[in-house]
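Worksheet: the structure to be examined is printed underneath.
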Amino acid sequence: HYEEELEINDYPQHARWKATHRESISPITEMCDVCVTAKGVYVKPGLNPPPGERKLYLLIEGDTDRKVKSALAQFKRLLQEATLESDENKRPLFSKYTV
35 HYEEELEIND YPQHARWKAT HRESISPITE MCDVCVTAKG VYVKPGLNPP
85 PGERKLYLLI EGDTDRKVKS ALAQFKRLLQ EATLESDENK RPLFSKYTV
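Numbering (the working numbering), first residue to last: 35 to 133.
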């Protein structure tokens, strides 16, 4: 039994949602043959988690180290891509400027 943890608390909301939504994680869990559980609680930036709690994270479990590491890499990629998507959505399509 192998496991890894990936903290997702400080990623943008869109990225956290993607990393915990069944449609996004099913391909990873099926391909890597792992189990993924979201644990902890969301903690706003600059604050500490409540006593006895941890920041939001993913627990990735599998029967081989290779499967778990592969899933971990896939989740990191998914989070990075979702973070870029959310950054692009914040940019205005047109910007005002004066000459």
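Even glycine gets a Cβ: it sits at the ideal position worked out from N, Cα and C.
Are the CB atoms of Ile42 and Gln108 within a distance shorter than 7 Å? No, the pair does not count as a contact, with Cβ atoms beyond the cut-off.
Please say whether Glu39 and Tyr91 have beta carbons closer to each other than 7 Å? Cβ distance < 7 Å, so Tyr91 and Glu39 count as in contact.
Taking 7 Å as the limit between beta carbons, can you name the residues of its chain near Asp67, skipping five residues before and five after? Cβ neighbours of Asp67 beyond the five flanking positions: Gly96 and Lys101.
Counting C-beta neighbours from all protein chains within 10 Å, is the total for Arg50 16 or more, i.e. buried, or is it exposed? Burial state of Arg50 is buried, judged by a 10 Å Cβ sphere holding 16 or more other Cβ atoms.
Hey, Leu112 and Ser58 are a contact pair by Cβ (cut 8 Å); roughly how many whole angstroms apart? About 6 Å separates the two Cβ atoms, so the contact holds.
Between which two residues does the alpha helix (DSSP H) carrying Lys52 extend? Counting along the chain, the unbroken alpha helix (DSSP H) around Lys52 starts and ends at Gln47 to Thr54.
Does Lys73 pass the burial test, meaning 16 or more other C-beta atoms within 10 Å, or should it be called exposed? Under a 10 Å Cβ-count criterion, Lys73 is classified as exposed, with fewer than 16 other Cβ atoms of the shown protein chains found around its own Cβ.
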